[in-house]
Amino acid sequence: MPRYAYINGSYTAHNKACIHIEDRGFQFADGVYEVIACIHGCLADERGHLDRLQRSLSELGMDMPVSRQTLQLIFRELLRKNRLKNANIYIQVTRGIARRDFPFPDHETTPLSLIVTTWPFRFDGNPRVKDGARVITVPDQRWARRDIKTIALLPQVLAKQHAVEAGAYEAWMLDKNGYITEGSSSNAWIVSQDNKLITREPSHDILRGVTRTAIDKLRQEMGIEWEERPFTPEEAYRAQEAFTTAAVALVVPVIAIDDHKIGTGKPGPVALGLYKEYRAYVDGLRGEQLKWKA
Ligand code: PMP
Numbered sequence: 052m053p054r055y056a057y058i059n060g061s062y063t064a065h066n067k068a069c070i071h072i073e074d075r076g077f078q079f080a081d082g083v084y085e086v087i088a089c090i091h092g093c094l095a096d097e098r099g100h101l102d103r104l105q106r107s108l109s110e111l112g113m114d115m116p117v118s119r120q121t122l123q124l125i126f127r128e129l130l131r132k133n134r135l136k137n138a139n140i141y142i143q144v145t146r147g148i149a150r151r152d153f154p155f156p157d158h159e160t161t162p163l164s165l166i167v168t169t170w171p172f173r174f175d176g177n178p179r180v181k182d183g184a185r186v187i188t189v190p191d192q193r194w195a196r197r198d199i200k201t202i203a204l205l206p207q208v209l210a211k212q213h214a215v216e217a218g219a220y221e222a223w224m225l226d227k228n229g230y231i232t233e234g235s236s237s238n239a240w241i242v243s244q245d246n247k248l249i250t251r252e253p254s255h256d257i258l259r260g261v262t263r264t265a266i267d268k269l270r271q272e273m274g275i276e277w278e279e280r281p282f283t284p285e286e287a288y289r290a291q292e293a294f295t296t297a298a299v300a301l302v303v304p305v306i307a308i309d310d311h312k313i314g315t316g317k318p319g320p321v322a323l324g325l326y327k328e329y330r331a332y333v334d335g336l337r338g339e340q341l342k343w344k345a
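Per the working numbering: the sequence shown = residues 52 to 345.
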């Protein structure tokens, strides 16, 4: 079956979908992105991801390339064409194609580039959730506006590569004071000795995860207390549990950090409970979804 991608107004065979060599995303990483999970045909936190896309664009002086509703239709049409109900959707917007020059091109004459791709992802029975994942810590080498979801991801690519070479799933990054900021592509959480959820407060230092926001709502319903504050690897080593959150894999329990076993060394009840509640919450969003058939 051919696989399709959406690129600047058309649905194209995925292996033929190309972007111009002078696209500013390619030359300057001048663009932003989002990833949205589609679980059993239901788009998880679509509104939150569209809100963050709009915010990232506006922080960089760009508009939405098409209306929100058009984007929502593109997601569904692409999922339909690719016959996917369990998938991740990738959306990228760049400042368009222009002669290579640092200042912004004239936005009246240079349309933004929009691409959307999808790939299958099996959320049910994800072994990462069942077995838990290992994490290492590495220095955070990113720029000062980590709240903007830009496609300039080289520091995260290097961090993740370190993790892979160390046999780990994720790298938790450390700021210059030795506190964990977040994972290379996820937010970082621990469950403290006194049963509180701890995660870093939103600021320019981290990306405010859409999954993080949903988990905050769910933990309130579950009566779990939390503290938004930085924490060190040493505090994390002593935690009862640890986990990461991100749209691509939702909640992933962490069973070891830098070779320190966390808790019992198995996925803990808080992480697994939040995962279950998140899945139920996404099922509950079904009523809000635009109608479509895969
Ligand atoms: N932090 C970073 C650096 C990320 O790349 C991601 C994943 N996009 C997250 C946090 C989690 O965000 P979300 O829950 O919106 O996927």
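Cβ coordinates follow ideal geometry from the N, Cα and C atoms, glycine included.
Residue i (DSSP reduced to helix, strand or coil)
i	result
Leu209	helix
Arg185	strand
Gln244	coil
Glu221	strand
Val305	strand
Lys227	coil
Leu124	helix
Lys67	helix
Leu130	helix
Glu339	helix
Pro154	coil
Ala214	helix
Val144	strand
Limits of the beta strand (DSSP E) - the one that residue i falls within
i	result
Ile266	From DSSP, Ile266 is part of no beta strand (DSSP E) but of the alpha helix (DSSP H) over 261–272.
Gly324	Careful: Gly324 lies outside any beta strand (DSSP E), inside the alpha helix (DSSP H) at 320–335.
Tyr84	82–90
Glu292	292–297
Thr168	164–171
Identity of the residue in the options nearest residue i by Cα
i	options	result
Ile306	Leu165, Val180, Ile70, Ile87	Val180
Glu286	Val215, Cys69, Gly229, Gly147	Gly229
Ala203	Tyr84, Val261, His311, Glu279	Tyr84
Leu209	Gly234, His65, Val321, Asp114	Gly234
Phe79	Val144, Pro116, Ile58	Val144
Val178	Pro190, Asp157, Pro162, Tyr220	Rather than Val, the amino acid found at residue 178 in this sequence is Pro. Per the Cα distances, Tyr220.
Separation of residue j from residue i, as counted between CA atoms
i	j	result
Asn133	Arg75	28 Å
Ile166	Ile142	6 Å
Pro318	Arg185	11 Å
Ile241	Glu128	39 Å
Ile187	Ser236	13 Å
Leu135	Gly316	35 Å
Pro281	Ile249	8 Å
Ala195	Gly112	17 Å
Leu325	Glu110	31 Å
Leu108	Arg98	15 Å
Ile257	Gln207	12 Å
Unbroken alpha helix (DSSP H) run spanning residue i, endpoints
i	result
Phe77	75–79
Glu97	97–110
Ala287	284–288
C-beta neighbour in chain C for residue i, strict 9 Å
i	result
Glu252	Among the protein chains of the structure shown there is no chain C, as only one such chain exists.
- Query: Is it a yes or a no for the region 326–336 touching the region 123–134, going by three-plus beta-carbon pairs under 8 Å?
  - Reply: Too few Cβ pairs lie closer than 8 Å, so no.
- Message: Assess contact between the region 146–159 and the region 88–108, defined as three or more Cβ pairs (one per stretch) separated by less than 8 Å. Is contact present?
- Response: Cβ pair count under 8 Å is below three, so no.
- Item | Meets three-Cβ-pair contact criterion under 8 Å: the region 63–73 and the region 83–99 | Contact between the region 63–73 and the region 83–99 is absent, with fewer than three C-beta pairs closer than 8 Å.
- Query: Below 8 Å, can you find three or more Cβ-Cβ pairs linking the region 294–308 to the region 262–279?
  - Reply: Contact between the region 294–308 and the region 262–279 is established, with three or more Cβ pairs separated by less than 8 Å.
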